[in-house]
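Chains as they are written, first to last, in the UniProt record's numbering: chain A, 1 to 487; chain B, 1 to 454.
To start, the structure itself, in C-alpha cells.
In C-alpha cells form, the structure reads like this:
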C-alpha cells in the first residue's frame, strides 16, 4: 500500500469518525443543543483529530525512519565485501537501485516474484537493463544478497506500516466517538489540539536554526578531521585541487570578503545616510512620497540582476576607465571582474537598506529635541549634525552593522562580479574572491561530498554564519536598546 | 517633521555686536547659511545619485534585454525531395521518421543555394558554408514540420527557419563586420547576403514567443534558448512555498502574537526569527543540501527541494509581516468577542484572523516575490548546470523532475561563453522583473482595497 493510499484511508476514517461522533453527541442530547457542553461539530472534530493526528504523524515518522533502519540492517551484508576505501553511500545506492529495479520488474510482470529472488548475480544487470534501470557495474553476489534483503525488509516494513497506521487511526476514531457524550468538553479538546499545531509551527523557527547549526557543525567536524584547523584558519593560500594536496587557507577569502564589503559600505553609507537625512528632515511630503518608494525599488531587485549588472555593465565600464589602454591611461585593471566592480554594485544594492533603516531611526528621534535646538537659534543643519545625529547614532550604527552583515553574506554579486582568484592584494582593481563565492564553487558540480575540497565549503559556511550572526545580534541589540530609550 | 514654519528656519542671530544692524547679515551668519545650503545640497545629491543608479540599472536592463524578445528568421523555399525523405513513396510515418536531421541538411543547403541565385547576389561561399547563416537547429525544425505533415513531401515548401545567433546579432547591431574578423562562425560575405536578403524582405525580425515559452538550448544554439521551462520550474517552486509558508507562517504568528506566554521559550523563538531573517541566503542553501539532499535523499535539482529551501528562507519574513498585521487589529475586537462568550481561539479564528487577512496576504505576496528572485540557495541544490530542455510531463513530474528556475536560468546564461547568451540573460531579467512588478502591484492593490484604519 503506498503512503498516499494510507493517508487517504486515514482521512476517510477521520471523516467517518467525525460523522459518527457528531451524531452520537446529538443523539445523547436528544436533539437539544443546549444540553451539550460544546457545539455538535466540536464533538465531530474531536474524533477526527484523534483519528487523523497521531496516525498521520506516525506515518510521516515512519516514512523517514524506515529507509534509515533498512539501510543499517542491510549494511552488514555488504560490510564484509567493502574494502578500505569503499564509499558506503555509493554501494548502498547501487543496492537500492537494484532493489527498486527488481520491484519494478515484478510489478510490470517482466519477472515473477520467484525469479526475482532466484536470478543469479551475473544475469541481473541484463535483466535490469531490460527494465530500464542502468547499473553502474556488474552485480556482485554480496550486492545481490543485500538487495534481496533490502526488498524483504522493506516489504515487511511497508506491510507493517499500513497495518499499524490504519489500526492507530481506527483506535483513535473509536476513542473519539466513545467520548462524545454531552458533558465532554469537546471544544476545549479541539482548541488544545489547535494550540499544539500553533506551537509546533512556531517551533519550526528553532528547528530551522538547529538544522542549520547541525548541518554546518557535523560537516565542519568531518572537514577538520581531514584537514588541520590551524591551517584552515591561518593559511594564506587557497588552492583547492580535487586530486589532493590542496591548500585551503581562509585568509585570502576573508580578506576579499572584507575588502568588497568595505567598498560597498563606503558607497552605501554616505549616500544612504544623506538620502535618509534629506528625506526625513528636508524633503516636502510630496517629494518623500515618491522618492522613498523609488529608492526602495533598488531593494526589491533580485541580486542576480545586480550580479549581471556588475559582470556586463559596470565591469566593462571600469575597464574602459582604469584598464590598460583605458582613457585614464592607468592600466590598473586586468579584467572586468574585480573587487571594485563587486563593491560598487553591492554598494548600490545596500543604499536603500541603509537609507530606510536610518530614516526610521531619524524619525524616531523626539521632535522636542529638534524644537529645543532650533529654538536656541541653531540652523537646521546644525540641529541635525549636533542634536539629531548624535541622538540617532546608536541606531545608525546598528543599521550599518546590519548592512555589513548583508554585504558579507551576499553571494550572486561576488560570484559574477568579483572574479575567482583568491589572493591577498591591496589593489582594489584586482580580481579577488570571497567566502560565499567559494562556497558556491566548491559545492556545485559533481564533487564527492567526503573530500576535504567539498567539505571545506561547510567550514566556510560555518565561518560566514558565525560572523553574520554576531553582527546581527549586536546590531539588533543596539537598535532595540536605542528604540526603548525614546519610547 | 518640525512644527516651526518653513520660513522660521532662518536662524535667529545671537546678540549682534554693537553698531551692526539686525537686518544686515554678518560674516558668521553668512557662513552658517552657506553651510546650511551645502548640507541640504549633499542630501539632494545623495538622493540624486541613488535615483541615477536606479535609472542606470533599468536602462542597462532594457537596452540590453529588449532585443531578446525579437528573433531573426530566414524565409526560403526548400524542395522536400521524395527520393530523399520517403524512398518507397508510401508515406509510412515510421519510415519517414527514420530519416535523421542529416537527411534534411542537404535539402536546406539546396534551398539556400536557390535563394542566392534567385536574389542574384554574387558570392564565393560554398553551399556548405551557406548553412552557417541558419541555426544549427534548422534541420530539426524542418524535420519536425515534415513529420507533422507527411503530405508535404514531394513539394517545394516555403519555410521560415531560425537564423543563427551571429546573423541575429548583426541584424540587432550586436555583431559588427569588424568583430566577425575574429569569429570563425560567420564571415563578412555572409553579411553581404544577409543585407541583400533583408532588402528583399526574406530575412526579418519578429516577436519571439519562443523565448518566453520555449526551453533552454545547448551552448551552440543561443538563438533557440527560451525561458519557458525555467518559468514552470519557478511556478512549481512558488506553489510549494505558498502551500507551506502561508499556513505555517500564519500559525506561528498567531501563536506568538495571541497565545504565547511571556517566558524564556517565547523569547528564544522571537530572537530566533529575527536572526533567521538576516541569515545569508547561501546558508539556507547549505542547509537544503545537507538536510534535503544528503540526509533525506530527495532528488537534486527538483523544484520541490528548491521550494522547501525557499520556504525556510521566507518564513521569517512572512511571520514578521503577519505579526504586524495581527497587531494592527485593535484589542476591542477581541474583547467584544470574548465578552459575548467566545473562547480565545474562537475570537482569533472568527474575528481577528479575517480582519488581518488582507495584511497577511500582502506580506505573503511580498515574501513570495523575494523568494522568486532568490538565486544563491538554488545554486547549491543543483538547479544550475542542469539544462532545462524538457517540459515536465505532469504535476508530480513538475515537482520532482529536475528543472531550472528563472533566476538560476539567468545565472546559467550569464556563465556561458557565447555573448549571444548575455542578451538572453538580460531578457530573462525583464521577464523576472515583470513577474516581480506584477506581484508587488497586486500587493499594493490588496492593501489599498482592503486596508482598514482603526
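Here a beta-carbon is modelled for each residue, glycine too, at the ideal position from N, C-alpha and C.
Original post:
Just how far apart, CA to CA, sit residue 30 of chain B and residue 281 of chain A?
Top reply: If you take the alpha carbons of residue 30 of chain B and residue 281 of chain A, they lie about 22 Å apart.
Original post:
Should residue 417 of chain B go down as buried or exposed, given a rule of 16 or more other Cβ atoms within 10 Å for buried?
Top reply: Residue 417 of chain B is classed as exposed because its beta carbon has fewer than 16 other beta carbons within 10 Å across all chains shown.
Original post:
If we cut at 9 Å on Cβ distances, does residue 307 of chain A have a partner in chain B?
Top reply: Yes - at least one Cβ of chain B is within 9 Å of the one on residue 307 of chain A.
**OP:** Kindly provide the ranges of any alpha helix (DSSP H) runs that are 4 or more residues long and lie completely inside the region 84–164 of chain B, ordered along the chain.
**Re:** Entirely contained in the region 84–164 of chain B, the alpha helix (DSSP H) runs reaching 4 residues are, in chain order, 93–98, 101–119, 127–130 and 138–148.
Subject >> First and last residue of the uninterrupted alpha helix (DSSP H) at residue 292 of chain A >> reply: Here the alpha helix (DSSP H) through residue 292 of chain A covers 285–300.
Subject >> Test item: CB-CB of residue 60 of chain A and residue 166 of chain A under 9 Å >> reply: It is not a contact, given that the beta carbons lie outside the stated cut-off.
Subject >> DSSP state of residue 75 of chain B mapped onto helix, strand, coil >> reply: Note: residue 75 of chain B maps to strand in three-state DSSP.
**OP:** Put residue 247 of chain A into one of helix, strand or coil per three-state DSSP.
**Re:** Reduced to three states, the DSSP call for residue 247 of chain A is strand.
Subject >> Exposure label - residue 329 of chain B; buried when at least 16 CB within 10 Å >> reply: Counting Cβ neighbours within 10 Å, residue 329 of chain B comes out buried, since at least 16 surround it.
Original post:
If we ignore side chains and look at the alpha-carbon of each, how far apart do residue 340 of chain B and residue 57 of chain A end up?
Top reply: Rounded to the nearest angstrom, the two C-alpha atoms are 36 Å apart.
Original post:
If you draw a straight line from the C-alpha of residue 394 of chain A to the C-alpha of residue 358 of chain A, how long is it?
Top reply: In this structure, the alpha-carbon of residue 394 of chain A lies about 10 Å from that of residue 358 of chain A.
Original post:
Alpha carbon to alpha carbon, how far is residue 443 of chain B from residue 251 of chain B?
Top reply: When rounded, the separation of the alpha-carbon atoms in residue 443 of chain B and residue 251 of chain B is 21 Å.
Subject >> Nearest residue (CA-CA) to residue 209 of chain B, options B:228, B:116, B:178 and B:200 >> reply: When only C-alpha atoms are compared, the closest one is B:228.
Original post:
Nearest-angstrom Cα distance between residue 488 of chain A and residue 355 of chain B?
Top reply: This structure cannot settle anything about residue 488 of chain A, because the visible part of chain A is limited to 1 through 487.
Subject >> Against chain A: residues of the region 38–51 of chain B by CB proximity under 7 Å >> reply: Cβ contacts with chain A: 39, 40, 42, 43, 44, 46, 47, 49, 50 and 51.
Subject >> Residues from the region 400–413 of chain B in contact with chain A, defined by Cβ distance under 7 Å >> reply: From the region 400–413 of chain B, only 407, 410 and 411 have a Cβ closer than 7 Å to chain A.
Original post:
Using CA coordinates, which residue listed in B:445, B:422, B:202 and B:264 is at the minimum distance from residue 69 of chain B?
Top reply: Closest option to residue 69 of chain B, Cα to Cα, is B:422.
Original post:
Excluding the five sequence neighbours on either side, which residues of its own chain have a C-beta within less than 8 Å of the C-beta of residue 171 of chain B, listed in chain order?
Top reply: Answer for residue 171 of chain B: 72, 163, 194, 198, 203 and 205, listed in chain order.
Subject >> residue 231 of chain B at chain A interface by Cβ criterion, 9 Å >> reply: Taking 9 Å as the CB threshold, residue 231 of chain B stays off the interface with chain A.
Original post:
In angstroms, rounded to a whole number, what distance separates the CA positions of residue 333 of chain A and residue 152 of chain B?
Top reply: Whole-angstrom Cα-Cα distance: 59 Å.
Original post:
So residue 1 of chain A packs on residue 158 of chain A, CB below 8 Å; how close in whole Å?
Top reply: Between residue 158 of chain A and residue 1 of chain A the Cβ distance is about 7 Å, and since that is below 8 Å, they are a contact.
Original post:
According to DSSP, is residue 82 of chain B helix, strand or coil?
Top reply: Note: residue 82 of chain B maps to helix in three-state DSSP.
**OP:** Report the option in A:346, A:367 and A:194 whose CA atom is closest to the CA atom of residue 57 of chain B.
**Re:** Taking each of A:346, A:367 and A:194 in turn and checking the Cα distance to residue 57 of chain B, the smallest one comes out for A:346.
Original post:
Which residue's Cα is closest to the Cα of residue 266 of chain B: A:312, A:97 and A:204?
Top reply: Closest by alpha carbon: A:204.
**OP:** Decide yes or no for the touch test of the region 219–233 of chain A against the region 249–256 of chain A: beta carbon pairs closer than 8 Å, at least 3 of them.
**Re:** Because the criterion of three Cβ pairs below 8 Å is met, the region 219–233 of chain A and the region 249–256 of chain A touch.
Subject >> Proximity below 9 Å, CB of residue 411 of chain A to CB of residue 437 of chain A >> reply: One thing to note: residue 411 of chain A has its Cβ within 9 Å of the Cβ of residue 437 of chain A.
**OP:** State the DSSP-derived secondary structure class of residue 449 of chain B, mapped to helix, strand or coil.
**Re:** Three-state DSSP puts residue 449 of chain B in a helix.
**OP:** Whole angstroms is fine: what's the gap from residue 98 of chain A's alpha carbon to residue 164 of chain A's?
**Re:** Pairing residue 98 of chain A with residue 164 of chain A, the inter-Cα distance amounts to about 28 Å.
Subject >> Any non-hydrogen atom of the ligand SAH within 8 Å of residue 255 of chain B CB >> reply: Questions concerning the ligand SAH fall outside what the structure shown contains, since it holds no ligand whatsoever.
Original post:
Given a threshold of 16 other Cβ atoms within 10 Å of its Cβ, counted over all protein chains shown, does residue 302 of chain A qualify as buried or as exposed?
Top reply: By the neighbour-count rule (16 or more Cβ atoms within 10 Å), residue 302 of chain A is buried.
Original post:
With C-beta atoms as the reference, is residue 318 of chain B less than 9 Å away from residue 359 of chain B?
Top reply: No, Cβ-Cβ distance for residue 318 of chain B and residue 359 of chain B is not below 9 Å.
Original post:
Going by the CB atoms, is the gap between residue 409 of chain A and residue 280 of chain B shorter than 9 Å?
Top reply: The beta carbons of residue 280 of chain B and residue 409 of chain A sit closer together than 9 Å.
Original post:
Would residue 223 of chain A pass as a contact of residue 67 of chain A if the rule is Cβ separation under 9 Å?
Top reply: Residue 223 of chain A is not a Cβ neighbour of residue 67 of chain A, given a cutoff of 9 Å.
Original post:
Roughly how far, in whole angstroms, is the beta-carbon of residue 233 of chain B from the beta-carbon of residue 405 of chain B, given that I think they are within contact range, below 8 Å?
Top reply: Contact between residue 233 of chain B and residue 405 of chain B holds, with the beta-carbon distance rounding to 5 Å and staying under 8 Å.
Original post:
Rounded to a whole number of angstroms, what is the C-alpha to C-alpha distance between residue 9 of chain A and residue 62 of chain A?
Top reply: C-alpha separation (whole angstroms): 16 Å.
Original post:
Buried or exposed: which applies to residue 52 of chain A, given that a residue is buried once 16 or more other Cβ atoms fall within 10 Å of its Cβ?
Top reply: Its Cβ being crowded by 16 or more others within 10 Å, residue 52 of chain A is buried.
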